[in-house]
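Accompanying notes for the structure given below.
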Amino acid sequence: MSDLNEVPPTAPPLPSASPERARMNVDVHSVERSQIIIAGGDVTMVDKQRLTVADIPQVELDVVSRAWVDTDHSGGTVMTASDAVSLLTSDGPALAVISGAVGYGKRTAGIRALWQVSRSERNTDGEPLPLKAISPDWDRPETPDIGSLPDQPGTAFLLDVAAEISGWEQPAEVAQALVTHGERLRRIGSYLVVIADEHSWPEGASGTLGRVVVRSKSRPAPHRVAEKHLEFLYRKPERIRWLNTTLKPDGTGMVGQAAHLLTESSAPAAAARLAGDLAQAEDSTEGLNTALSAFQQWRTEVNTVFKETGPADRALLVATIFLSGSEAVATQDASRRLLGKGPQNDVEAILTGPDLSTRLRAVGAEVDGRHATFDHKPGYAQAVLNHLWQQRPDIHMHLLKWLDTITAPGEPGASRLAVISDLLVELAITENDVRIIDQIRTWIGNGNTTTQHEALIAGVFTRAALADALGAKVRTKLLDWAQSDEERVAKVVALVCQGEFATHYPRQTLVRLRHILDRPEPDTAVRAAETAVRAMAVQPGQLSRVWETVIKWATQHGHLAGHRAFLSLLDPQDDAYVLQVLMEAASRTPGVRAAILRGWHAALADIRVANQCRDLMVAWARVRAEGLVPRDLVTDILRQVITEHLYTSPVAALVFGEPGVQYDEPVIALRKDLHLPILTETPPTGSETAEP
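Take 12 as the starting number for the sequence shown in my numbering and just add one per residue.
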């Protein structure tokens with residue numbers, strides 16, 4: 012391994028980098044695996060890229076440290092966390108697999124176990140071990156590569172695979188690999204808790220797999236959870252009175268007005284949500300009632316509306332939910348279209364029955380002049396949709412097709428597409444129904460070609476892809492859509508890859524970008540994917556992952572995607588940061604320099620990226636002239652590349668010029684500094700006059 016030293020004082024600043032990047036700190040860790048280090052940036056290159064980890068959110072740590080409940084509704088002890096601690100601190104693998112049904116607080120119990128271990132098994136400095144959540148960012152989720160799990164010494168890890176473990180093709184093999192990984196963690200003072208579903212961990216395959224399992228058999232007492240949250244997280248102990256479970260003397264219920272909302276079978280998450288609603292409510296009868304209705308997701312009100320109205324008013328309710336704030340007449344027209352009816356032409360029918368405002372108020376809407384809204388009932392719209400989805404399943408496809416018509420350009424829902432999309436993605440997440448995401452995908456080609464429209468849909472896909480239960484299905488959809496022949500569909504996936512999805516799932520992001528970058532023509536989808544590669548590379552800690560992956564694509568596999576990604580990554584026109592870091596690395600580490608040369612040779616051998624190669628050479632000449640990169644190093648790399656590819660079109664264009672094309676002074680200066688013998692023998696055919 013190369014000698015790893017800090018960047019010398021003479022290292023150039025990064026003018027186009029953010030202040031955080033400009034510090035140019037060298038991040039050195041897990042050096043026993045390191046092959047090369049990119050000096051001049053917060054980058055390491057290792058023999059195997061590990062899954063992404065993030066700090067466990069402080070709000071979750073607050074729950075397990077300040078508001079922990081380990082008693083169930085009958086007063087017994089919930090053993091999930093303590094049993095996990097026993098496994099983690101035993102002589103076996105430093106692994107505990109918490110298995111159980113949804114709604115038993117498995118994740119919180121796992122964090123509690125890690126928190127306890129982190130405080131008792133401190134590091135060499137006497138500090139608690141850091142707690143990290145691992146993103147299950149497998150290239151192929153059905154065959155997880157356990158070798159890519161992080162293995163930093165002295166760390167407590169949480170891996171939640173409850174949503175995907177049922178899809179593992181070889182569960183026993185993966186489980187055994189996890190046990191082996193746990194044994195390795197034991198030797199380096201680290202720990203791992205895995206969150207699984209109720210039935211998929213193959214504990215019956217061997218005694219070893221059975222011994223690492225903790226069964227979540229009971230849940231914390233829900234009222235106690237809510238009380239602890241109110242007192243210790245929200246600092247509002249006076250509101251615990253609303254949760255008082257003491258029976259009233261007359262036997263009509265419990266003393267606390269909110270106590271009836273929780274039962275023995277309530278999930279800890281529901282109790283925590285109720286505490287949050289009560290903490291945010293106004294301390295008044297009206298405020299409490301609003302909080303109670305919001306927590307119940309307006310079930311009583313929604314059930315009453317559906318019980319007391321007919322199909323016409325129910326359709327009006329649905330239309331008003333999606334078009335809230337629109338003119339009431341437009342909402343009424345949309346409701347008739349939902350019923351498959353056109354405008355009403357019978358005057359007698361028009362004059363029969365209650366007025367439109369009366370009908371709107373009857374379904375819970377607030378009418379202000381010519382407009383109707385549900386803004387006064389937060390969460391009411393979502394409650395109606397959940398009711399429809401659960402109680403009227405036959406309406407699913409009719410509703411989605413109707414939404415197609417009212418969100419088309421020129422229709423009343425077009426201007427509310429963002430709100431409608433939010434409602435639908437929340438519905439998809441709560442109902443775990445990927446068909447809704449499929450429907451939103453059809454909106455990509457609904458006639459709206461604006462970048463705002465594409466960005467909106469990309470935002471919806473991102474939110475769905477990061478959801479706990481639904482996310483795995485949506486990530487699979489994104490992989491399919493990345494390979495779509497439709498340019499706009501592939502472009503939207505590339506937009507997803509430019510954002511938060513890349514932070515949480517960088518490996519899966521790169522897989523999807525490779526498919527898009529392999530498209531035959533350099534269309535808008537390809538350009539968006541190139542932007543995504545560059546955006547990902549400048550994220551803290553991601554450059555090494557992107558660089559290693561791109562070089563493999565370009566040199567080992569010969570993908571068009573690799574050539575495009577390599578050229579885009581080293582393009583300094585928008586931001587010279589990546590090129591600066593790689594040039595600094597190339598000046599110190601022969602392996603990086605050799606990789607850059609291999610990438611150039613591979614790209615120049617592919618005529619499909621000839622224009623991109625030429626443009627990149629020109630861009631390098633310009634940043635070289637501006638002093639943003641080491642002048643001699645860039646010159647030497649280009650000299651080696653040009654010598655081998657002198658008569659390929661992009662190199663010939665740079666060296667000899669092109670008829671009718673004027674190159675600027677930086678290119679002319681580069682030609683002179685290359686000192687190629689051929690230049691003294693063959694005059695250039697292009698103009699040597701600098702552009703004005």
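In this text, a Cβ means the ideal position worked out from N, Cα and C, and glycines have one as well.
Residue i: first and last residue of the uninterrupted beta strand (DSSP E) it sits in
i	result
F168	167-171
T384	382-384
Y674	Note, Y674: premise wrong, no beta strand (DSSP E); not H, not E.
E532	Counting along the chain, E532 falls outside any beta strand (DSSP E), and DSSP gives it neither H nor E.
V80	Where V80 is concerned, there is no enclosing beta strand (DSSP E), given that its DSSP letter is neither H nor E.
V378	377-379
Buried versus exposed, by CB contacts within 10 Å (16 or more), residue i
i	result
S496	Sequence check: residue 496 is Asp here, not Ser. The residue is exposed, with fewer than 16 neighbouring Cβ atoms inside 10 Å.
V634	buried
A605	exposed
D288	buried
Q46	Low per-residue confidence applies at Q46: pLDDT is 35, beneath 50, and the placement is therefore not dependable enough to give any value.
L506	buried
L170	buried
K484	buried
E676	exposed
D136	exposed
Q401	exposed
P601	exposed
A69	Per the sequence presented here, residue 69 reads as Gln, with Ala not at that position. Exposed: under 16 other Cβ atoms inside 10 Å.
Rounded distance between the beta-carbons of residue j and residue i, thought under 8 Å
i	j	result
A237	A286	4 Å
A95	V225	5 Å
H398	F512	Not quite, the Cβ-Cβ distance comes to about 31 Å (not below 8 Å), so this is no contact.
L98	L189	Rounded, the Cβ-Cβ distance is 13 Å, inconsistent with contact.
V629	V678	6 Å
V504	I527	6 Å
Q567	T514	Rounded, the Cβ-Cβ distance is 26 Å, inconsistent with contact.
A339	A383	5 Å
F385	S335	5 Å
L481	N443	5 Å
A232	T82	6 Å
T761	A373	Shown here, the chain extends from 12 to 703; a query on residue 761 therefore has no answer.
Cutoff 6 Å; reference residue i; Cβ partners in own chain excluding five residues on either side
i	result
G353	none
L681	A632
F168	K143, I145, L203
V436	V471, R474, A475
S660	A621
Q127	V96
V395	V313, I332
I199	P164
H84	A232, E275
Close-in-space but distant-in-sequence residues of the same chain around residue i (CB under 8 Å, 5 per side omitted)
i	result
P259	Note on identity: in this sequence residue 259 is Lys, with Pro being the wrong assignment. Hits under 8 Å: M265, V266.
R195	D162
N457	D415, T418, A419, P420
N255	M265, V266, G267, A270
Host alpha helix (DSSP H) of residue i (start-end)
i	result
L62	Segment: none, L62 is in no alpha helix (DSSP H) and carries neither H nor E.
Y371	A small correction: the amino acid at residue 371 is Leu; Tyr does not occupy that position in the sequence shown. Element bounds for L371: 367-373.
I206	Segment 202-206 is the beta strand (DSSP E) holding I206; no alpha helix (DSSP H) there.
D415	407-417
E497	Note, E497: premise wrong, no alpha helix (DSSP H); not H, not E.
D94	91-99
T514	511-515
P661	660-667
V561	554-562
H398	391-402
Contact test: residue i Cβ vs the ligand ATP heavy atom, cutoff 7 Å
i	result
S101	Looking for the ligand ATP in the displayed structure turns up nothing, as the structure carries no ligands at all.
Proximal residues to residue i (C-beta, below 7 Å), its chain only, five neighbours per side dropped
i	result
W611	V652
D14	In this prediction, D14 scores a pLDDT of 31, lower than 50, which makes its location untrustworthy; no coordinate-derived value is stated.
P517	T63, D148, M547, Q553, R556
D582	L627, A630
P139	S129, R130, R133
Interface flag, residue i vs chain D, CB-CB below 8 Å
i	result
K388	Of the chains in the structure shown, none is chain D; there is only one protein chain.
Segments of 4+ residues assigned as alpha helix (DSSP H) that fall wholly inside the region 570-647: Runs of the alpha helix (DSSP H) lying entirely within the region 570-647, each at least 4 residues long, are 571-580, 588-599, 601-615, 621-637 in chain order.
Every unbroken alpha helix (DSSP H) within the region 218-254, with a cutoff of 4 residues, ordered by chain: 218-222, 233-239
In chain order, which alpha helix (DSSP H) runs of at least 4 residues are fully inside the region 440-487? 446-453, 462-476
Contained beta strand (DSSP E) runs [length at least 3] in the region 110-193, N- to C-terminal order: Correct list: 142-145, 167-171.
Jot down the residue ranges of each uninterrupted beta strand (DSSP E) in the region 291-339, minimum 3 residues, whole runs only, in chain order. none
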